[in-house]
Amino acid sequence: MSAGPRPEVRRRARGCRIVRGARASVLAATAAAIALALFAVGARTEELSAPDRPPTVTGRGDLDFEDVVAGVPAAITRKDRHRAGAWWIRGTANVDVLLSLALPPSLSGPAGAQLPIAFGSDDAGFSWQQRPDLATGFNPHVPRVERLGSNGHGWVFLGGTVQPGLGQRAGAYLGTVVLTVAYVAQ
Amino acid sequence: MLEMESRDRRRDELGTMRSSRPRGARLRRAGLHAGLLAWILAGTPPAQAIVLAPHALFIDHHTRSGILYVQNPGDDVEEVSIALEYGYPASDSAGGVYIELIPDPPANAPSAAGWVRALPQRIRVLPGARQAVRLLAQPPAELPDGEYWSRIIVTSHAAQAPVPVSEDAAVRVGLTLEMRTITSLIYRKGQVSTGVALDDFAVESAGDTLVAAVRVSRRGSGAYLGKVEFVLTDAQGKEVGGWEQAIAVYFDLYRRYSLPTKGLAPGPYSLAVRLSTERSDIAQAQLLPAEAVERTIQLVVPERAREEP
Chain X
1 MSAGPRPEVR RRARGCRIVR GARASVLAAT AAAIALALFA VGARTEELSA PDRPPTVTGR
61 GDLDFEDVVA GVPAAITRKD RHRAGAWWIR GTANVDVLLS LALPPSLSGP AGAQLPIAFG
121 SDDAGFSWQQ RPDLATGFNP HVPRVERLGS NGHGWVFLGG TVQPGLGQRA GAYLGTVVLT
181 VAYVAQ
Chain D
1 MLEMESRDRR RDELGTMRSS RPRGARLRRA GLHAGLLAWI LAGTPPAQAI VLAPHALFID
61 HHTRSGILYV QNPGDDVEEV SIALEYGYPA SDSAGGVYIE LIPDPPANAP SAAGWVRALP
121 QRIRVLPGAR QAVRLLAQPP AELPDGEYWS RIIVTSHAAQ APVPVSEDAA VRVGLTLEMR
181 TITSLIYRKG QVSTGVALDD FAVESAGDTL VAAVRVSRRG SGAYLGKVEF VLTDAQGKEV
241 GGWEQAIAVY FDLYRRYSLP TKGLAPGPYS LAVRLSTERS DIAQAQLLPA EAVERTIQLV
301 VPERAREEP
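Going line by line, the protein sequences match chains X and D. Numbered per the working numbering, the first sequence spans residues 1 to 186. Numbered per the working numbering, the second sequence spans residues 1 to 309.
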């Protein structure tokens, strides 16, 4: 395994500010609304989150090629917000996480048929927002260290290309992509 | 709330996008539409997620067990497997960091992976539910005092992945996503100490960034879990920048940190580095104390090339 580029370190907090008057009221109302929302969530899931929380990875979109034409390669770009694979990572703000993707060389279809799939050196992207168009590209074959945003969020997007042969057997072809996430300072 | 909104939006966009696609070149037939519609509706990717707590597990030789909680905040049943493997954060020659996983560690490695078991190793977690997994240690009888390490590897995927529906002439492709989360396990027996030695500290200026290179090695018998801080001061002794980052030193570590310094005037500066075990993401009771290590280096920020208007 190797790592990605050097991470920037986060700026130190400069201390708390005192909030007064109307601004404080607005903040209090917002806090109450958030508390109510959290209570509603907590009633169902009993959230385990804390200010420093473990990395949580949520699959938010499978790579979706739909139907493809035999003999014609079909590509999905990582910037395709409808069809690109997407993972949502939530964790501690501003911490470095190691991202590693396990990619299949082919997909399994009917009667043992295989469908090749390729991932290029710019087919993965990382962003602090759910904006694949703003994501920084990286090679999905190479593990990479990225920093979660100040809200503790990060998004990984993945594109790829399937290469059906002229005589590709009809049917459903399936495969699995595995994203591994780890904090690197534990 | 955010999750639900995003998913609904994705579903809407998916429908719009599909209806606007060209159809002539596809292996799609009129009879396929019903099947596709069913798949689109049934196969819209659900939110899959697993939350683990704690994110760093410490086990004491007296209790010899710990609890890892696995929570499913998603909408579908999750199949979760838990495995242990010896590993630790390590660095490469470029100053990057990664997790070194060693399935078959040498006999002298401080590995706990061989004698800590997860019970159970496979679970199904219902939506909104939380399950406890016990990490049970059965160390060798003559285990010397010290610290022993493992990584906990938790793999999860939806119990029932959407399967694309295909009719005779269609080639349908579906790729599902699986998640793996790696957390740490530290087993302590007897007196354990830690510390860190700053073997090398260098800095170079690279445009609007200072690159600080830090080479450290661990002291004592326990992993050094702390943070590294940098403070930049100008020639008058005024602090003009400060940065910090968590760090874990299990053996040796070489890190290169980028310190953004946009707007910094050219001239002489001092950059101080400080390594300490003060960090908030791990319970204080679990942190091994160590004396802080500090060093200061002088540098000159050069005149930058004037930018083109």
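Note that beta-carbon positions come from the ideal geometry of N, C-alpha and C, so glycine has one too. This one's a predicted model, so the numbers in the text were calculated from it and none came from an experiment.
Report task. Could you name the residues of the same chain whose beta carbon sits closer than 7 Å to that of S91/D, not counting the 5 residues immediately before and after it, in chain order? Result -> Excluding sequence neighbours, S91/D sits near V97, L253, Y254, R255.
Query - Neighbouring residues, chain D, relative to W128/X (Cβ below 7 Å) - result: Under the 7 Å cutoff, chain D gives no residues; its nearest Cβ is about 14 Å from W128/X.
Requested in this report: Kindly identify the DSSP beta-bridge partner or partners of L198/D.
Outcome: V216/D
Query raised in the report: Under 9 Å between the Cβ atoms of A94/D and I102/D?
Result: no
Query - Cross-strand partners of D67/X (DSSP beta bridge) - result: Looking at the DSSP assignment, D67/X forms a beta bridge with R172/D.
Requested in this report: Have a look at D96/X and P266/D and give me their C-alpha separation to the nearest angstrom.
Outcome: 30 Å
**Report entry** Candidates I117/X, T56/X, G85/X: closest to V72/X by CA position
**Finding:** I117/X
Report task. Put Q163/X into one of helix, strand or coil per three-state DSSP. Result -> coil
Query - S150/D to G226/D span [Cα, whole Å] - result: 18 Å
Query - chain D contact residues for V181/X, given Cβ-Cβ distances below 9 Å - result: M179, R180, T181, I182
Query raised in the report: Per DSSP, what kind of secondary structure is A248/D in: helix, strand or coil?
Result: Here A248/D sits in strand by DSSP.
Report task. Going by CA-CA distance only, name the one from G175/X, P140/X, A182/X, T180/X that's closest to D62/X. Result -> G175/X
Report task. Count the other C-beta atoms from every protein chain shown that fall within 10 angstroms of the C-beta of N151/X, then say buried if there are 16 or more, exposed otherwise. Result -> exposed
Query raised in the report: Which residues share a DSSP beta bridge with T136/X?
Result: The partner list for T136/X (beta bridge, DSSP) reads F126/X.
Query raised in the report: If you run the structure through DSSP and keep just helix, strand and coil, what is Q131/D?
Result: strand
**Report entry** For P89/D, three-class secondary structure by DSSP
**Finding:** strand
Query raised in the report: For K376/D, which residues from the same chain have a beta carbon less than 7 Å from its beta carbon, with the 5 sequence-adjacent residues on both sides left out?
Result: The structure shown does not extend to residue 376/D, since chain D is modelled only from 1 to 309, so the question has no answer here.
Query raised in the report: So is V80/D in contact with chain X if we call contact Cβ pairs under 9 Å?
Result: Not one chain X Cβ lies under 9 Å of V80/D.
Report task. Leaving out five residues on either side along the sequence, give the residues of the same chain with a beta carbon under 6 Å from the beta carbon of G195/D. Result -> R219, G220, A290
Query raised in the report: What are the start and end residues of the beta strand (DSSP E) that includes F157/X?
Result: 153-158
Query raised in the report: Quick one: does A141/D have its CB under 9 Å from some CB of chain X?
Result: no
Query raised in the report: Where does the unbroken beta strand (DSSP E) through T63/D begin, and where does it stop?
Result: Note, T63/D: premise wrong, no beta strand (DSSP E); not H, not E.
**Report entry** Delimiting residues of the beta strand (DSSP E) encompassing G59/X
**Finding:** Per DSSP, G59/X belongs to the beta strand (DSSP E) from 56-61.
Report task. State the DSSP-derived secondary structure class of Y173/X, mapped to helix, strand or coil. Result -> strand
Query raised in the report: Looking at C-alpha atoms only, which residue of Y224/D, R180/D, A283/D, V116/D is the closest neighbour of V293/D?
Result: Y224/D
Query - Proximal residues of chain D, C-beta to C-beta of L148/X below 8 Å - result: Going along chain D, no residue has its Cβ under 8 Å from L148/X, so there is no contact; the nearest lies around 12 Å.
Query raised in the report: Helix, strand or coil for G267/D per DSSP?
Result: strand
Report task. Verify the CB distance criterion: does D64/X have a CB-CB separation below 9 Å to chain D? Result -> yes
Report task. Measure the alpha-carbon distance for I152/D versus V301/D and round it to whole angstroms. Result -> 44 Å
Query raised in the report: What is the DSSP secondary structure of R304/D, reduced to helix, strand or coil?
Result: In this structure, R304/D counts as coil in the three-state DSSP scheme.
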